[in-house]
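S.K.: My structure is below; once you've seen it, I'll send some questions.
Numbering (my numbering), first residue to last: 6 to 290.
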């Protein structure tokens, strides 16, 4: 790791923060603001780091920020891939490979994620199903996957190891959905032969799940596409959803939309989830 340029990094992050409004990142403005752009504490919340930690980065103080923290800050500031790479170089790191998210989410997909927030649950994943961002409705629907660490952020890993998450999906669909997730993972493994992250995920799944080992042995290969899914939510009941997958070519990341199926009453129940589910996620004073 080189020493980088901490002062230039601080100036770049400060400039980008001042260019963003709360509405740009899906936040409610609230009250009069003394300075333009986002506040440092708002960036810290979006990046899931402490305000003090983010302030030290912007003030070029303390230890060099890690790759994971930089990825989260780049996601919070809605930076492009080129800007993300620039930030890593200024911090003294080699930029991650384009297919490695390291907490970063594609800026274009984040814009759509923010726009969908009031009405459609949605999330952003990398090509290993690592959930790097969720809007509040999706957190209310599936739980805070993006806030987890390590393998627990990978949806395919959670599918085979987390009975609480899997239990929200209709049992009649478990076999087919499991095959789809495994086939998509095998497609990624073929595109990234010998990749350490792929080997680690597959190895962990083979150790943790006999079901995964059985499905992996089928040698099925297929990209994720639109799928009809039925979820049973503990607060709002049955949800019939069309799950659309939109891939961003620059980053290879995917936006997954959980769109209410027409004529099922799901749109009304999603609206209710936006009231009761999102309220439950709001910390008490």
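Virtual Cβ for every residue (Gly too), placed ideally from N, Cα, C.
1) Which of helix, strand or coil does DSSP assign to residue 244?
2) Excluding the 5 residues flanking residue 61 on each side, which residues of the same chain have their C-beta closer than 7 Å to its C-beta?
3) Compute the Euclidean distance between the alpha carbons of residue 138 and residue 110, then round it to the nearest angstrom.
4) Determine the DSSP secondary structure at residue 281, reduced to helix, strand or coil.
5) Starting from the C-beta of residue 286, find all residues in its chain whose C-beta is less than 7 Å away, skip the five residues before and the five after it, and write them out in chain order.
6) By the three-class DSSP mapping on this structure, what secondary structure does residue 13 have?
7) On the DSSP letters alone, give me the boundaries of the beta strand (DSSP E) that residue 260 sits inside.
8) Rank 32, 28 and 92 by C-alpha distance to the C-alpha of residue 14 and give the top, closest one.
9) What span of residues does the alpha helix (DSSP H) with residue 51 cover, start to end?
10) If you count every other CB in all the chains shown that lies within 10 Å of the CB of residue 289, and 16 or more means buried, which is it?
11) Can you find the residues in the same chain that come closer than 6 Å, C-beta to C-beta, to residue 275, ignoring five residues on each side of it along the sequence?
M.R.: Put simply:
1) Strand.
2) Excluding sequence neighbours, residue 61 sits near 67.
3) Using only the alpha carbons, I get a separation of about 7 Å.
4) For residue 281, the secondary structure class from DSSP, reduced to helix, strand or coil, is helix.
5) Any reading at residue 286 needs caution, since the residue's pLDDT is 44, under 50, leaving its predicted position unreliable; the model's value is listed next. Taking C-beta separations shorter than 7 Å and ignoring five residues to either side along the sequence, the partners of residue 286 in its chain run 141, 144 and 145, following chain order.
6) DSSP, reduced to helix, strand and coil, places residue 13 within a helical segment of the structure shown.
7) Under the DSSP assignment, residue 260 falls in the beta strand (DSSP E) whose first and last residues are 259-265.
8) The option with the nearest alpha carbon to residue 14 is 92.
9) Counted as a single uninterrupted DSSP element, the alpha helix (DSSP H) harbouring residue 51 occupies residues 45-52.
10) Here the model assigns residue 289 a pLDDT of 34, short of 50, so the residue's position is not dependable, and the following value carries that caveat. By the Cβ-count criterion, residue 289 is exposed, with fewer than 16 other Cβ atoms from all chains shown falling within 10 Å of its own Cβ.
11) So the list reads 265, once near-sequence residues are dropped.
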